[in-house]
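Novice: Keeping their order, the protein sequence lines are chains Y and R.
Numbering of the first sequence is given in numbering that gives the first Met the number 0, commencing with residue 0 and proceeding in unit increments.
Numbering of the second sequence is given in numbering that gives the first Met the number 0, commencing with residue 0 and proceeding in unit increments.
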Amino acid sequence: MIEYIFHILIIVSIYGILALAQNLIMGNTGLLSVAGAAFYGIGAYITAIFVTKLGFNIMTMLIIAPIITGFIALLVGITFARFRDDYFMLATLGFLMIFHTVVRNWETVTGGSYGIVGIAKPSIFGFSLSSPNTFIYFAIIILLLATAICYFISRSSFGRVLNSIREDEDALKIFGYKTSTYKLIVFVISASLASLGGVLFASYITFIDSNLFTINESILLWAIIILGGIAKNRGALLGALFLIAIPEALRFIGFPNEVAGLMRQCIYGLLLVIFMLYRPKGILGTYKI
Amino acid sequence: MNIIETRQLEKSFGGIQAVDHLSISIQEGLITGLVGPNGSGKTTLINLLSGFYPHDSGKIFFSNTERKNIFPDENQIFNITRTFQQIRLFDQMNVLDNLLVVLTERNPFLALFERHNKYHINQAENILKRVDLFEKRFENALNLSYGQRKLLEIARVLAMNTNIILLDEPFAGLFPEVAKKIENIIKELRTEGKTIILIEHNMSVIRDLCDYLIVMDAGKLLAEGNPEKVLEKQVVLEAYLGE
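#1: Leaving out five residues on either side along the sequence, give the residues of the same chain with a beta carbon under 7 Å from the beta carbon of Val187(Y).
#2: Terminal residues of the continuous beta strand (DSSP E) containing Leu269(Y)?
#3: DSSP three-state label for Arg206(R), please.
#4: Which parts of the segment 27-88 of chain R are runs of the beta strand (DSSP E), unbroken and 3 residues or longer, counting only runs that do not cross its ends?
#5: Looking only at its chain, what residues have a beta carbon closer than 7 Å to the beta carbon of Gly40(R), apart from the 5 residues adjacent to it on each side?
#6: Can you tell which of Asn56(Y), Phe274(Y), Lys287(Y) has its C-alpha closest to the C-alpha of Ile123(Y)?
#7: Pick from Met159(R), Ile153(R), Leu157(R): whose alpha carbon is nearest that of Ala178(R)?
#8: From Asp85(Y) to Tyr118(R), what distance separates their C-alpha atoms?
#9: Ends of the alpha helix (DSSP H) at Glu2(Y)?
#10: Helix, strand or coil, according to DSSP, for Asn132(Y) in the structure here?
#11: Give the range of the beta strand (DSSP E) segment to which Met215(R) is assigned.
#12: Between the segment 190-204 of chain Y and the segment 3-19 of chain Y, are three or more C-beta pairs nearer than 8 Å?
#13: Within 10 angstroms of the Cβ of Ile180(R), are there 16 or more other Cβ atoms? Answer buried if so, exposed if not.
#14: Any chance the segment 8-27 of chain R sits against the segment 258-276 of chain Y, with 3 or more Cβ pairs inside 8 Å?
#15: Taking DSSP's pairing of strands, which residues face Glu247(Y) in a bridge?
#16: Can you list, in chain order, the residues of the segment 161-174 of chain Y whose Cβ is nearer than 9 Å to any Cβ on chain R?
#17: How far does the alpha helix (DSSP H) with Ala190(Y) in it reach, from first residue to last?
#18: Helix, strand or coil for Gln233(R) per DSSP?
#19: Sorted by chain position, which residues of the same chain lie with C-beta nearer than 8 Å to Glu2(Y)'s C-beta, five sequence neighbours on each side aside?
#20: Can you tell me whether Leu31(Y) is helix, strand or coil according to DSSP?
#21: Pull up the distance between the alpha-carbon of Ala64(Y) and that of Ser194(Y), whole angstroms please.
#22: Could you spell out the range, first to last residue, of the beta strand (DSSP E) harbouring Phe157(Y)?
#23: According to DSSP, is Asp96(R) part of a helix, a strand, or is it coil?
#24: Since I believe Ile225(Y) is in contact with Gly338(Y) (beta carbons under 8 Å), could you give me their beta-carbon distance rounded to a whole number of angstroms?
#25: For a cutoff of 7 Å on Cβ pairs, would you count Arg250(Y) as touching chain R?
#26: What did DSSP end up calling Gly224(R) once you bin it into helix, strand or coil?
#27: Measure the C-alpha to C-alpha separation of Phe151(Y) and Leu30(Y) and round it to an integer number of angstroms.
#28: What residues from chain A crowd round Thr180(Y), counting only those whose CB sits closer than 8 Å?
#29: So the beta strand (DSSP E) Phe12(R) belongs to, where does it begin and stop?
#30: Which residues in the same chain have their Cβ closer than 7 Å to the Cβ of Val33(Y), if we skip the five residues on either side of it in sequence?
#31: Ile15(R) by DSSP, collapsed to three states: which one?
#32: Mapping DSSP to helix, strand and coil, what is Leu283(Y)?
#33: Which term fits Lys149(R), buried or exposed, when burial requires 16 or more other beta carbons within 10 angstroms of its beta carbon?
#34: Determine the direct distance from the alpha carbon of Ile16(Y) to that of His115(R), and round the result to whole angstroms.
#35: Any idea which residues DSSP pairs Thr122(Y) with across the strands?
#36: Kindly list, in the order they appear in chain R, the residues whose Cβ is closer than 9 Å to that of Phe79(Y).
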C-alpha cells in the first residue's frame, strides 16, 4: 500500500512541476499556451535518447534536458513572443502538432510509434532509486527545486511585470517595458521547467512513446492550474494533487467492474463542473485570465 | 523651444482620414490644450505621438530630432508618458503594485534578481499620499471607484516622472472634488517644468489650465494660439460648439 501511495505522490510531483511551468506562462503572464505537453515530451525524449543511445546518466539529464529544451523554446519563442491571446494559443497548438508528428515519424531516433524502452532509473553514488520508495525522494527534491524557482520569479520585479503583461500588455509598454523580451524569457524558463517533468517521467516509467504527450496532457495542465487557482504556485501544486489523486481515490468506491472506468470518468468530470460553478477562480485563486 | 513638432502628419483608418496633413508645434514647459469635436482626431494624434499607431506619412520631431518609427516601449527613453481615454490599469493587481511596476527595473535580466526595496516602497507611498490613495494601497485596482482609478492613472504618470505628459481626458466623468485634485496636480507639474498635452472638452478647465490651445476638426488644424482668443474665433465656435 505504501508503495502505491509513493507511486501516486511521484506522479503528483511530476504533474506539480508541469503545472508550475504552465502557471508561469499562463497564470502569471496570461499567455494561453498548449505547448506544455510538447516541452514535457521534449524533456522525456531527450532523456530517453541520451540515456539509452548515448549512455548518459539521469542526473546529468537534469541539466542537459532543460538546456536543450530551453534552446528549442528560444527558437520557437522568438516568433511566438509577437502573438497574444488566441493567436498565441493557436501558434503553440501548431508547435505541439509538429512535435507530435516529428516524434511519431522519426523512427530511427524516437522509435516512432513503438517509443523508447529500457530507460535507466537514476542512481546516486551507486544507490539505485528504482522503487517508488526511493524514487519519491528524487521526485520531491526536483519538485522543491522547481517550486523554489517559481517562487523566486513570482516574487521578483520580473514576476510583477509578468502579471502586468497578463493585465494589459499595451499599457505596460508605455512604461518602457519590452514585453516581447519578457514573454520570450518566461517561455524559455517555463519550457525548461516542463522538461524537468519529462526527465522525471522518463526515468520513472522507463518507457515513453508519442501518445503520452498529446494535447490531452496540455488540457490536463490547464485544468490543474485553473482548479488550483490561476497565478498561484501553491494553487498549481494543490491542483496537481487534486486532479491526480481524485481519480485514484475513486478506485476505492467499489463500482461494478464492467462500469467502474466509465463511472470514475463521469464523477471526475462532474466534480470539475461543480468546482467551476462554485469556485470559478479555483481553490486558492484570486485571478481570472 | 519646440519639444514636439508634426509636419504634414497623416493617419487614416480604411477610408476615414483621422489625422489629415496636421502640422503643429508644442512648446516646452507649457500646457497645450487639444480640443475639437468627437472624431476630430485628438486621441489618434496622442496615439501617434506615443507610438500606439504608426503614422502613414508626414514627420514627427521630438526636441528637433525626427522619430521615424515610434514604439510605445521606447517612450521612457524619450521621456514621454501618457494616460488613456478609457482607463487602463492593471486591474487584478493592488494599487501599490500598479505603481511599483512603474518604479522598478526595466531590464528583464536585472528585474529577475530585483526585489522591490524600501526606496521603491517609499517612492510609491509618497506618490499615493499625493493623490490620496495611500489608504487604498493594498486594494485591487479593480475595486477602486471611477475617480480613484483616474487618480491611480495620474499616480503612475507621477511615478514615471517624464518631461512630456500626454493626458487624454483626465477630467471626464469626475466629481468636482476629484477633478480639482487632478487640476492641482497638473498645475504642480507645470511649475516643475513639464510639458503637457491635455485633451479636454470642458472649456473652463481649458481656460484655467492651458497656456496654448490647438483646435482640431476632421483631423485638420482649425485654429491655435492663446486659449481665450482661439475660443472666441467664429470658425471654432461653429465647428466645436455648433454655433
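Here a beta-carbon is modelled for each residue, glycine too, at the ideal position from N, C-alpha and C.
Specialist: With the structure as the only source:
#1: If we look at Val187(Y) and ignore the five residues flanking it on each side, its Cβ neighbours are Gly69, Ala72, Leu73, Gly76.
#2: Unbroken run through Leu269(Y) is the alpha helix (DSSP H), 259-277; no beta strand (DSSP E).
#3: Collapsing the DSSP output to three states places Arg206(R) in a helix.
#4: Listed in chain order, the complete beta strand (DSSP E) runs (minimum 3 residues) inside the segment 27-88 of chain R are 30-34, 56-61, 79-81.
#5: Residues Ala17, Val18, Met215, Gly218 of the same chain have their beta carbon placed closer than 7 Å to that of Gly40(R), with the five preceding and five following residues left out of the count.
#6: Checking every option, the nearest Cα to that of Ile123(Y) belongs to Asn56(Y).
#7: When the alpha-carbon of Ala178(R) is set against those of Met159(R), Ile153(R), Leu157(R), the nearest one is in Ile153(R).
#8: Rounded to the nearest angstrom, the gap between the Cα atoms of Asp85(Y) and Tyr118(R) is 39 Å.
#9: Looking at the DSSP string, the run of the alpha helix (DSSP H) that includes Glu2(Y) is 1-21.
#10: In this structure, Asn132(Y) counts as helix in the three-state DSSP scheme.
#11: Annotation: the continuous beta strand (DSSP E) that includes Met215(R) extends over 211-216.
#12: Yes, since at least three Cβ pairs between the segment 190-204 of chain Y and the segment 3-19 of chain Y fall closer than 8 Å, the two stretches touch.
#13: Strictly speaking, residue 180(R) in this sequence is Lys, with Ile absent from that position. Counting C-beta atoms within 10 angstroms of its own C-beta, Lys180(R) has 16 or more neighbours from the protein chains shown and is therefore classed as buried.
#14: The segment 8-27 of chain R, when compared against the segment 258-276 of chain Y, does not touch it at the 8 Å Cβ threshold.
#15: According to DSSP, Glu247(Y) bridges with nothing at all.
#16: Asn162, Ser163, Arg165, Glu166, Asp167, Asp169, Ala170, Leu171, Lys172, Ile173, Phe174: these are the residues of the segment 161-174 of chain Y whose beta carbon lies less than 9 Å from some beta carbon of chain R, given in chain order.
#17: It spans 178-204 - the alpha helix (DSSP H) in which Ala190(Y) sits, taken as one unbroken run.
#18: Of the three classes helix, strand and coil, the one that applies to Gln233(R) here is helix, per DSSP.
#19: Listed in chain order, the non-local C-beta contacts of Glu2(Y) below 8 Å within the same chain comprise Ser130, Pro131, Asn132, local neighbours out to five positions each way being set aside.
#20: Coil, per DSSP.
#21: Cα to Cα, the separation comes out at about 6 Å.
#22: Per DSSP, Phe157(Y) belongs to no beta strand (DSSP E); it is in the alpha helix (DSSP H), 156-172.
#23: Helix, per DSSP.
#24: The structure shown does not extend to residue 338(Y), since chain Y is modelled only from 0 through 288, so no value can be given for it.
#25: No - not a single Cβ of chain R is within 7 Å of the one on Arg250(Y).
#26: In the structure shown, the three-state DSSP call for Gly224(R) is strand.
#27: Near 20 Å, if we compare the C-alpha coordinates of Leu30(Y) and Phe151(Y).
#28: No chain A appears in the structure shown, which is made up of the protein chains Y and R.
#29: Looking at the DSSP string, the run of the beta strand (DSSP E) that includes Phe12(R) is 1-12.
#30: The beta carbon of Val33(Y) lies closer than 7 Å to those of Met88, Thr91, Leu92, Leu95, Ile214, Ser217 in the same chain, with the five residues before and after it left out.
#31: Ile15(R) falls in the strand class under three-state DSSP.
#32: DSSP places Leu283(Y) in the coil class of the three-state scheme, outside both helix and strand.
#33: Classification of Lys149(R): buried, given that the 10 Å Cβ count is 16 or more.
#34: If I take the Cα positions, the gap works out to 27 Å.
#35: Residue identity differs from the one stated: residue 122(Y) is Ser in this sequence, not Thr. Per DSSP, Ser127(Y).
#36: By Cβ distance, chain R contributes nothing, its closest Cβ being about 16 Å from Phe79(Y), past 9 Å.
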